[in-house]
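So the sequence shown is numbered by the numbering used here: it starts at 3 and just counts up by one.
Beta carbons are placed, not taken as given, at the ideal position from N, Cα and C, and that holds for glycine.
Here the structure is a predicted model, which is why all the values come from computation and not from measurement.
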Amino acid sequence: MAQVRKTTHSRKSGARKTTRRTKTSTARRSTSARKSTKRAAPKRWSQRVTKESDALDLKRGVFKQTSPKKIAASLKRSAEHSSRRKTGAYRSALSMLTFYINRAGRTLPKTQRTRLEKAKVELKRAFGRE
């Protein structure tokens with residue numbers, strides 16, 4: 003049978019003994035904790051992906067266009083004509099659009115974000131996936 007330990011100390015905060023920690027021991031702990039964590043990814047990985055990716059050869063300024071239909075049509079054309087893609091044309095086109103939206107993050111204006119979200123819907127229609 004497992005033994006149950008009884009606590010003899012009271013749970014009041016006044017009865018506890020507190021130990022003081024020096025700043026050096028705390029600093030040492032935090033540095034050693036940082037060293038043991040996983041190594042950070044190299045900076046500007048998204049820039050490298052944009053330049054060296056095997057996904058698509060996009061037309062310059064495709065995401066700056068004003069019409070979601072034009073954006074979708076351009077992505078479809080690029081995806082179908084690309085010889086560097088590793089997956090289907092629809093998946094490649096959609097992943098590049100999503101990558102652009104995610105990379106821009108909060109700096110992307112709401113009007114452009116909604117335009118690009120509408121381009122996703124148009125891309126589905128263009129590939130007959132609706």
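Determine the extent of the alpha helix (DSSP H) in which residue i is found, giving its start and end residues.
{"i": "S70", "result": "Position check: residue 70 holds Pro in this sequence, whereas Ser was assumed. Taken as a continuous stretch (DSSP letters only), the alpha helix (DSSP H) holding P70 covers P70 to H83."}
{"i": "Q67", "result": "Here Q67 belongs to no alpha helix (DSSP H), and DSSP marks it neither H nor E."}
Mapping the DSSP letters down to three states, classify residue i as helix, strand or coil.
{"i": "K61", "result": "coil"}
{"i": "G107", "result": "helix"}
{"i": "R117", "result": "helix"}
{"i": "K126", "result": "helix"}
{"i": "K112", "result": "helix"}
{"i": "R87", "result": "coil"}
{"i": "R46", "result": "coil"}
{"i": "R93", "result": "helix"}
What distance in whole Å lies between the Cβ atoms of residue j and residue i, which are believed to be in contact at a cut-off of 8 angstroms?
{"i": "A95", "j": "L125", "result": "6 angstroms"}
{"i": "R86", "j": "D59", "result": "7 angstroms"}
Say whether the segment 67-80 touches the segment 93-113, bearing in mind that this needs 3 or more beta-carbon pairs closer than 8 angstroms, one atom from each stretch.
Cβ pair count under 8 angstroms is three or more, so yes.
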